[in-house]
Amino acid sequence: MSVDHHVPPNRWLRSLHKPSPTTNRLICFPYAGGGAGVYGRWVPFLPDGHELLAVQYPGREDRLEEDPPDSVRSIARRTAVALQWFNDRPYSVFGHSMGAVVAYETCRFAEMLGVAGPEELVVAAGESPDRLTVGQLSGASVGRAMTSSAGGDSRGEHEAAGPPTVNLEHDLELLAEYAGLDAASTSVRVPLVVVTYEDDPDIDADTVRSWSCRTERSCRYAVLPGDHFSCFIDPGRTIREITGGA
Numbered sequence: 001m002s003v004d005h006h007v008p009p010n011r012w013l014r015s016l017h018k019p020s021p022t023t024n025r026l027i028c029f030p031y032a033g034g035g036a037g038v039y040g041r042w043v044p045f046l047p048d049g050h051e052l053l054a055v056q057y058p059g060r061e062d063r064l065e066e067d068p069p070d071s072v073r074s075i076a077r078r079t080a081v082a083l084q085w086f087n088d089r090p091y092s093v094f095g096h097s098m099g100a101v102v103a104y105e106t107c108r109f110a111e112m113l114g115v116a117g118p119e120e121l122v123v124a125a126g127e128s129p130d131r132l133t134v135g136q137l138s139g140a141s142v143g144r145a146m147t148s149s150a151g152g153d154s155r156g157e158h159e160a161a162g163p164p165t166v167n168l169e170h171d172l173e174l175l176a177e178y179a180g181l182d183a184a185s186t187s188v189r190v191p192l193v194v195v196t197y198e199d200d201p202d203i204d205a206d207t208v209r210s211w212s213c214r215t216e217r218s219c220r221y222a223v224l225p226g227d228h229f230s231c232f233i234d235p236g237r238t239i240r241e242i243t244g245g246a
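So the sequence shown is numbered by full-length UniProt numbering: it starts at 1 and just counts up by one.
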């Protein structure tokens with residue numbers, strides 16, 4: 001197999017919900033091992049007028065025939081190129097866990113390419129690039145990741161000690177490689193919102209403080225109830241936080 005480096009933009013960005021009229025877009029990046037489909041459960045909680053798009057990484061779901069990506073930055077670069085076809089109205093970017101650093105890098109590449117950037121970058125349950133502790137996911141979180149990727153059935157509690165999926169293993173390798181890069185001097189010109197969860201076993205709230213060094217604009221912190229995957233188990237709170245909903 002080989003990766004098609006010239007795939008259409010809608011192979012990278014999938015519209016999961018497109019209301020009419022559309023006033024805002026929310027573009028979401030999945031966690032390690034996940035695909036665009038994990039954000040399908042967000043649809044019922046979206047405010048009026050919000051279109052939901054999710055990034056589809058190669059090698060999963062309906063891109064299964066393609067080789068997986070070779071680096072975090074290759075995902076970000078190609079997603080930034082695809083954004084040129086989806087920035088005709090205000091949009092925000094959201095990344096969960098691994099998706100947080102991919103979303104951040106996408107904003108960086110968008111700036112370098114001259115692509116109009118988002119109104120806001122929201123990073124949830126993810127450490128900043130210089131504080132990544134790859135391989136520290138708890139067994140329970142691996143199980144929740146597998147369950148969420150599969151659609152959120154009741155098997156997660158029993159699969160917590162099971163082996164991670166191939167995509168999860170691959171993504172963790174990409175993160176380990178990315179963590180070794182010298183990214184300390186990089187930042188974006190986008191307002192930043194950092195979301196953490198009170199009972200997240202994998203993220204210490206203190207370790208995400210360095211996200212503030214990653215933006216030349218404002219940085220706001222929000223701590224919500226729940227654990228690492230609460231934005232998928234109970235999406236409402238997170239969506240209200242990032243869209244300003246009541």
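By construction, the Cβ of each residue, glycine as well, lies at the ideal position given by its N, Cα and C atoms.
*Since P191 and H96 are thought to touch, with beta carbons under 8 Å apart, how far apart are those beta carbons, to the nearest angstrom?*
Going by Cβ atoms, the distance from P191 to H96 rounds to 18 Å, so no, they are not a contact pair.
_Rounding to the nearest angstrom, what Cα-Cα distance links G244 and G226 in this structure?_
In a straight line, the C-alpha of G244 is about 19 Å away from that of G226.
_Per-residue burial, E198 [other beta carbons within 10 Å of its own, 16 or more giving buried]_ = exposed
_Proximity to V194 [Cα-Cα], best of S210, G180, L181, V81_ = S210
*For G151, is the classification buried or exposed, using 16 other Cβ atoms within 10 angstroms of its Cβ as the cut-off for buried?*
Because G151 sits at a pLDDT of 46, beneath the cut-off of 50, its placement in the model cannot be relied upon, and the following sentence gives the value as read from the coordinates. So G151 counts as exposed.
*asked:* What would DSSP say about residue 260, mapped onto helix, strand or coil?
replied: Lying before the first or after the last residue shown, residue 260 is absent from the chain, which here runs from 1 to 246.
*Residues that DSSP places opposite residue 329 in a beta bridge*: This structure cannot settle anything about residue 329, because the visible part of the chain is limited to 1 through 246.
*asked:* DSSP three-state label for S187, please.
replied: coil
*Determine the DSSP secondary structure at R78, reduced to helix, strand or coil.*
For R78, the secondary structure class from DSSP, reduced to helix, strand or coil, is helix.
*Could you check what DSSP says for E120 in three-state terms: helix, strand or coil?*
strand
*To which residues does DSSP link R214 through a beta bridge?*
According to DSSP, which records beta bridges pairwise, R214 is partnered with nothing at all.
_Own chain residues within Cβ distance below 7 Å of T196, not counting five before or after_ = A125, I203, A205, V208, V223
_Between the alpha carbons of Q84 and P90, how many angstroms are there, rounded?_
13 Å
*Own chain residues within Cβ distance below 7 Å of W12, not counting five before or after*: V55, Q56, R78, T79, A82
*In three-state DSSP terms, what is F86?*
coil
*By the 10 Å Cβ neighbour count, where 16 or more other Cβ atoms means buried, how is P8 classified, buried or exposed?*
exposed
*Just mark V43 as buried or exposed, buried being the case when its beta carbon has 16 or more other beta carbons within 10 Å.*
Using a 10 angstroms sphere on the CB of V43, the tally of other CB atoms stays under 16, which defines it as exposed.
*Would you mind listing the alpha helix (DSSP H) stretches within the region 24-84 that are 4+ residues and don't spill past its ends, in chain order?*
72-82
*In angstroms, rounded to a whole number, what distance separates the CA positions of P69 and T238?*
The straight-line gap from Cα to Cα measures roughly 28 Å.
*Is P118 buried or exposed, if buried means 16 or more other CB atoms sit within 10 Å of its CB?*
buried
*Under 9 Å between C-beta atoms of G59 and T23*: no
*Are the beta-carbon atoms belonging to R189 and T215 less than 9 Å from one another?*
yes
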